[in-house]
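*Asks:*
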Amino acid sequence: MNKLASKLPLLAFVLAATLAMAMNFAGNETERYALDPELEIWYDLTGVTPGSGTYQCNLNPAEDCSFEMPDDTSDRVEAGIFVVNGNLPIAQP
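Going by this note's numbering, the sequence shown opens with residue 59, and the numbers climb by one from there.
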């Protein structure tokens, strides 16, 4: 019994490390696409961080800035007015 009791801290550490690694999984990025209304081009914004060199969704809760699919009838991901500020990847049909 003393042998088992001496191993409990080690077993607790191994269990805690296993649980910590199991909970530390990579997040699944939300796919997002936006339509440039002037050029009528869909951009793939998945993994692109909004900013002054990429794109912005100017605050307007009544407008749809980005969508889950390159289709304006799909679910909205971000609200606002889409503004292109740099080179963005074009969505493949």
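Where a beta carbon is used, it is the ideal one built from N, C-alpha and C, also for glycine.
Model, not experiment: these values are computed from the prediction.
If you follow the beta strand (DSSP E) that A92 is in, where does it begin and where does it stop?
*Replies:* 91 to 94
*Asks:* Just to confirm my understanding: we take V135, look at its own chain, exclude 5 residues before and 5 after, and list those with CB closer than 7 Å. What are they?
*Replies:* Its chain contains T88, R90, S124, F125, E126 as the residues whose beta carbon lies nearer than 7 Å to that of V135, once the 5 sequence neighbours on both sides are disregarded; these appear in chain order.
*Asks:* So, is L97 buried or exposed, given that buried needs 16 or more other C-beta atoms within 10 angstroms?
*Replies:* exposed
*Asks:* Can you say whether P119 is buried or exposed, counting buried as having 16 or more other CB atoms within 10 angstroms of its CB?
*Replies:* Residue environment for P119: exposed (fewer than 16 other C-beta atoms within 10 angstroms of its C-beta).
*Asks:* Compute the minimum distance between the beta carbon of N118 and the heavy atoms of the ligand FAD, and state whether it is under 7 Å.
*Replies:* Within the structure as shown, the ligand FAD is missing, as the structure has no ligands at all.
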